[in-house]
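Before any comments, here is the structure.
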Amino acid sequence: MKRQNVHAATVAILLFLQFPTLATAMGGGFEMSFSSGAAAEGGLVPITLTLTHAAPSGVQGFSFGVCHDTNLLDLEPFGSSPADLDYIIDWSTEIETIKNGAAPDFMQQNLETGGWAVGCVICFTSCAVMEAGATEIGTAFYRLIGPVGSVTTVGLCNTLGNPPVSSVAVVGGSSNPMTSLDGTIEILEQPPTMFYFSAPLRQVNYDPLDGAANFSATLTITEDPTNATYPSNTQGFSMSLATNPTYVIPSGASVTGPVALANPAFSESILTETGWAIGVVYAFQLPVYIQFPNATDAVSITGSTVPSALVGDEVGVTIPLSWQSHSTPPIFNVVTHGNQSLSPVTYDGSLILHPQTVLDFLRGDANGDGISDVADVVWSLQEIFNGGPQGTCHDAKDANGDELFDVADPVWLISYIFTNGSTPPPPFPNCGNAGEPQNCAIYNGC
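Quick note, in the numbering used here, the sequence shown goes up one by one and the last residue is 480.
Structure representation (structure tokens):
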């Protein structure tokens with residue numbers, strides 16, 4: 035329903051034309067109660083309004099103003115457009131359907147300095163009323179902008195608009211003043227803004243004959259959804275991840291995902307024999323922000339095994355990926371938010387170095403990312419015709435299983451993906467192997 039865009043005085047005129055008699059309350063009092071709430075500084079508090087009355091014939095219309103302290107609270111409109119019924123507050127289902135399942139005949143809302151006002155005529159012909167009892171009116175949302183420790187109230191007032199809108203309920207042609215049971219809002223100390231750094235559990239297959247393997251792993255950032263400013267704008271971050279140099283040689287660290295798409299102004303990595311570190315600043319002048327409302331890929335690290343440590347090892351070993359500083363000067367794990375450095379909660383990962391003479395692979399996965407999709411078609415065509423990067427597992431590139439890698443393989447795969455063609459042969463669609471002989475030097479997609 036569209037909001038009627040008329041002056042506040044129109045409310046009074048309509049109410050008095052429809053219900054001209056001024057009288058005292060009929061059938062008991064008319065009380066507008068407001069819920070209370072508390073939140074951290076900068077948080078958002080919902081305040082629900084409920085009108086209670088005992089008039090047997092019901093309420094035919096109402097008008098009221100709601101005031102708040104503008105030094106402590108900022109009313110945030112619920113809707114996106116001033117033309118919407120729910121623009122100022124989220125009106126309850128009872129109000130939105132109060133005219134026998136339809137919206138009221140007249141509903142005017144105004145944002146005013148220090149609050150908001152509304153006037154409503156449920157039905158011009160008195161075809162519907164608000165029955166006796168408690169009726170939820172709607173919910174208004176207030177942003178807490180005052181200092182920590184402040185306590186304030188939200189309630190009815192008769193000072194908003196020109197002329198001011200009175201807080202009245204109309205019953206049987208009589209205008210009856212409402213009383214206000216104000217709600218209380220307390221501004222609490224803001225808890226620390228929390229982010230999480232997570233490293234994965236990653237299996238790295240190596241051949242015990244030579245102990246060699248390469249790997250990559252993705253590090254993620256996640257914001258705690260209970261943060262007062264969630265989702266929060268971040269300006270940059272730094273990461274430092276350590277491992278066991280007896281078994282692993284770090285080889286690279288770079289931004290990935292949304293961070294890479296932002297083309298940060300500064301992104302530099304530091305590699306030591308014991309780990310990876312990287313510092314990222316999105317921009318130095320223009321405001322560029324990235325949010326992490328859920329687990330978001332941020333940094334990709336690469337490395338290789340130490341062959342001499344794994345030659346002849348038929349058992350394997352699990353080594354840590356732990357969030358700790360290992361460089362000089364030290365690089366700490368931080369997220370920058372609001373020009374402040376915040377220490378994240380960290381979740382360590384592991385590299386499972388797994389001996390495997392015959393490597394598991396996914397048929398059709400030419401680029402080795404663990405997924406067989408259209409990217410592998412593009413990769414294969416680039417490798418065959420344009421001198422693109424060379425895949426390291428012939429068996430994975432051999433989509434049709436004929437022991438050759440040629441144009442027939444991307445054709446087979448694209449036919450399977452888009453035209454219901456034949457499925458690639460085993461071990462597709464899962465990771466596995468076809469036994470010996472095997473033509474697969476490196477594959478870490480499984």
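Ideal Cβ placement from N, Cα and C applies to all residues, glycine included.
How about Gly291: is its C-beta nearer than 8 Å to some C-beta of chain C?
-> Considering every chain present, this structure includes no chain C. It has just one protein chain.
Nearest to Thr82 by CA position, among His428, Ala89, Ser91, Gly71, is which residue?
-> Counted from its first residue, the sequence shown places residue 82 at position 48. Checking every option, the nearest Cα to that of Thr82 belongs to Gly71.
To which residues of the same chain is Asp317 closer than 6 Å at the C-beta, ignoring the five residues directly before and after it?
-> Locating residue 317 in the sequence shown gives position 283, where the first residue counts as 1. The identity of residue 317 in the sequence shown is Ala, whereas the question assumes Asp. Once the five neighbours on either side are set aside, the close Cβ partners of Ala317 are Ala299.
Stretch-stretch touch, CB-based, cutoff 8 Å, three pairs: the region 267 to 279 with the region 242 to 250 = The region 267 to 279 vs the region 242 to 250: no contact.
List in chain order: all unbroken alpha helix (DSSP H) runs of 4+ residues lying wholly within the region 384 to 456.
-> Entirely contained in the region 384 to 456, the alpha helix (DSSP H) runs reaching 4 residues are, in chain order, 408 to 419, 428 to 431, 442 to 452.
Quick one: what does DSSP say Val293 is sitting in, helix, strand or coil?
-> Numbered from 1 along the sequence shown, position 259 holds the residue referred to as residue 293. In this structure, Val293 counts as helix in the three-state DSSP scheme.
For Leu56, collect the residues of the same chain with a Cβ closer than 8 Å to its Cβ; drop the 5 residues on either side in sequence, then sort them by chain order.
-> By one-based count along the sequence shown, residue 56 stands at place 22. Below a pLDDT of 50, predicted positions are generally treated as unreliable, and Leu56, at 40, falls in that range; no measurement from the model is reported.
Which same chain residues, not among the five before or five after Ile179, have their C-beta less than 6 Å away from its C-beta?
-> What you label residue 179 is simply residue 145 of the sequence shown in a count that begins at 1. Taking Ile179 as the centre and dropping the five residues before and after it, the same chain places the C-beta of Asp108 closer than 6 Å to its C-beta, in chain order.
Please work out which residues of its chain come closer than 6 Å, Cβ to Cβ, to Ile386, disregarding the five sequence neighbours upstream and downstream, and give them in chain order.
-> Here the question's residue 386 lines up with position 352 in the sequence shown. These residues qualify, in order along the chain: Gln237, Thr352.
How is Pro284 classed by DSSP in three states: helix, strand or coil?
-> The sequence position of residue 284 within the sequence shown is 250, counting from 1. Note: Pro284 maps to strand in three-state DSSP.
Determine the direct distance from the alpha carbon of Pro461 to that of Gly402, and round the result to whole angstroms.
-> The count along the sequence shown starts at 1 and reaches residue 402 at position 368. The count along the sequence shown starts at 1 and reaches residue 461 at position 427. One C-alpha to the other measures close to 15 Å.
Three-state class that DSSP yields for Ala317 in the structure shown | For this step, residue 317 is matched to residue 283 along the sequence shown. For Ala317, the three-state secondary structure derived from DSSP is coil.
C-alpha distance - Ala117 paired with Ser184, whole-angstrom precision | Counting from one through the sequence shown, the residue named residue 117 turns up at place 83. Counting from one through the sequence shown, the residue named residue 184 turns up at place 150. Going by the C-alpha atoms only, they are around 34 Å apart.
Other residues of its chain near Gly469: CB distance less than 8 Å, five sequence neighbours each side excluded = The residue labelled residue 469 in the question sits at position 435 within the sequence shown. The beta carbon of Gly469 sits closer than 8 Å to the beta carbons of Val392 from its chain, once the five residues preceding and following it are set aside; these are given in chain order.
Is the Cβ-Cβ distance between Gln325 and Pro265 less than 8 Å?
-> Within the sequence shown, the letter at position 291 stands for residue 325. Within the sequence shown, the letter at position 231 stands for residue 265. Yes, these two residues count as a Cβ contact at 8 Å.
Within this structure, are the beta carbons of Tyr230 and Pro327 separated by less than 8 Å?
-> Sequence index remark: in the sequence shown, residue 230 carries index 196 (1-based). Sequence index remark: in the sequence shown, residue 327 carries index 293 (1-based). Against a cut-off of 8 Å, the Cβ pair of Pro327 and Tyr230 comes out as no contact.
Could you say which of Ala251, Val322, Asn261, Glu307 lies nearest to Thr268 if we only look at CA atoms?
-> As a position in the sequence shown, residue 268 is number 234, starting the count at 1. It is Val322.
Per DSSP, what kind of secondary structure is Ile179 in: helix, strand or coil?
-> On the sequence shown, position 145 is the one that residue 179 refers to. Note: Ile179 maps to coil in three-state DSSP.
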